[in-house]
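A.B. asks: Shown below is the structure under consideration.
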Amino acid sequence: MSEHIIEDAPNEPGRKEMSPFLKFALELGPLLVFFFANSKGEELAHAFPILADLGGPLFIATALFMAAMVIALAVSWVVTRTLPIMPLVSGFVVLVFGGLTLWLQDETFIKLKPTIINALFAGALLGGLLFGKSFLGYVFDQAFKLDDEGWRKLTFRWGLFFVFLAILNIVVWQVADAYYGPGQTADDVWVDFKVWAVMPLTVIFMMTQLPLIKRHATEPIGGKKE
Numbered sequence: 241m242s243e244h245i246i247e248d249a250p251n252e253p254g255r256k257e258m259s260p261f262l263k264f265a266l267e268l269g270p271l272l273v274f275f276f277a278n279s280k281g282e283e284l285a286h287a288f289p290i291l292a293d294l295g296g297p298l299f300i301a302t303a304l305f306m307a308a309m310v311i312a313l314a315v316s317w318v319v320t321r322t323l324p325i326m327p328l329v330s331g332f333v334v335l336v337f338g339g340l341t342l343w344l345q346d347e348t349f350i351k352l353k354p355t356i357i358n359a360l361f362a363g364a365l366l367g368g369l370l371f372g373k374s375f376l377g378y379v380f381d382q383a384f385k386l387d388d389e390g391w392r393k394l395t396f397r398w399g400l401f402f403v404f405l406a407i408l409n410i411v412v413w414q415v416a417d418a419y420y421g422p423g424q425t426a427d428d429v430w431v432d433f434k435v436w437a438v439m440p441l442t443v444i445f446m447m448t449q450l451p452l453i454k455r456h457a458t459e460p461i462g463g464k465k466e
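The opening residue of the sequence shown carries number 241 in this note's numbering; numbering runs sequentially from there.
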């Protein structure tokens with residue numbers, strides 16, 4: 241049987257699955273690298289002079305973020321011999337916009353990246369529903385199994401949530417620049433939001449979806465299905 245570069249469809253026979261803990265670590269790891277590099281940019285530039293040529297802390301963080309994304313995708317390939325769709329899309333956008341950020345020395349591109357990614361995910365999820373496809377199953381099928389109606393409803397809700405995140409990124413970025421003025425302080429506020437606010441918001445949103453998941457689960461979740 242030939243291997244697929246992109247992960248197989250949910251519930252595909254013989255699909256290689258990754259540990260949920262490892263999957264979470266690979267998704268969160270690059271963000272932590274980004275935060276650390278931005279907060280310790282000056283120290284990193286002093287310790288590794290080659291990094292100083294990239295620019296200020298945000299530019300150093302961008303370069304290391306790109307490297308971390310490539311490493312995370314490489315680990316996914318080694319473990320499952322496939323590439324997960326959403327991290328692959330995210331990684332592609334990070335490399336393109338991160339590359340533009342470094343090349344043009346303009347932080348606008350890396351700050352636009354979350355909005356572009358969330359807009360792409362929203363478009364894919366909501367657009368897929370128009371063609372009868374619930375693409376969210378690619379992301380969560382290792383965590384739980386739902387019937388078709390459940391995947392449709394959950395996909396629609398996640399699509400709207402990604403729209404919310406896309407808009408929120410622009411709002412935080414612009415408000416920080418307006419309040420502090422463009423510079424490192426405003427950059428730090430935006431990075432803190434990206435690393436420490438988006439994940440809790442996502443976890444809270446996921447928790448609000450548990451009733452829907454329990455109603456449409458086809459397999460027990462944490463015990464006997466009601």
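Glycine residues also receive a C-beta, built at the ideal position from the N, C-alpha and C atoms. Given the structure is predicted, the values throughout are model-derived calculations rather than measurements.
When the Cβ atoms of the stretch 436-447 are set against those of the stretch 413-424, are three or more pairs found closer than 8 angstroms?
C.D. replies: The stretch 436-447 is not in contact with the stretch 413-424.
A.B. asks: How would you label M241, buried or exposed, when you count the other beta carbons within 10 angstroms and need 16 or more for buried?
C.D. replies: Note that M241 scores a pLDDT of 41, beneath 50, so its modelled location is shaky; the value from the coordinates is reported in the next line. Its Cβ having fewer than 16 others within 10 Å, M241 is exposed.
A.B. asks: Buried or exposed: where does L400 fall if 16 or more other Cβ atoms within 10 Å of its Cβ makes it buried?
C.D. replies: So L400 counts as exposed.
A.B. asks: Use the C-beta contact count for S259: other C-beta atoms within 10 angstroms, 16 or more gives buried, fewer gives exposed.
C.D. replies: Burial call: exposed.
A.B. asks: Could you tell me the alpha carbon to alpha carbon distance between F468 and L352, rounded to whole angstroms?
C.D. replies: For the chain, the structure presents residues 241 to 466; residue 468 sits outside this window and is missing.
A.B. asks: If you reduce the DSSP assignment to three classes, tell me which class Q449 lands in.
C.D. replies: Correct three-state label for Q449: coil.
A.B. asks: Given this structure, state the Cα-to-Cα distance separating P289 from L342, to the nearest angstrom.
C.D. replies: Taking the straight line from one Cα to the other gives about 16 angstroms.
A.B. asks: Among K263, T302, L294, E347, which residue has its Cα nearest to the Cα of A314?
C.D. replies: With distances taken between Cα atoms, A314 lies closest to K263.
A.B. asks: Inspect the beta-carbon positions of T355 and A406 and report whether they are closer than 8 angstroms.
C.D. replies: In this structure, A406 lies closer than 8 angstroms to T355 by Cβ.
A.B. asks: Under the rule that 16 or more other beta-carbon atoms within 10 Å means buried, what is D387, buried or exposed?
C.D. replies: Its Cβ having fewer than 16 others within 10 Å, D387 is exposed.
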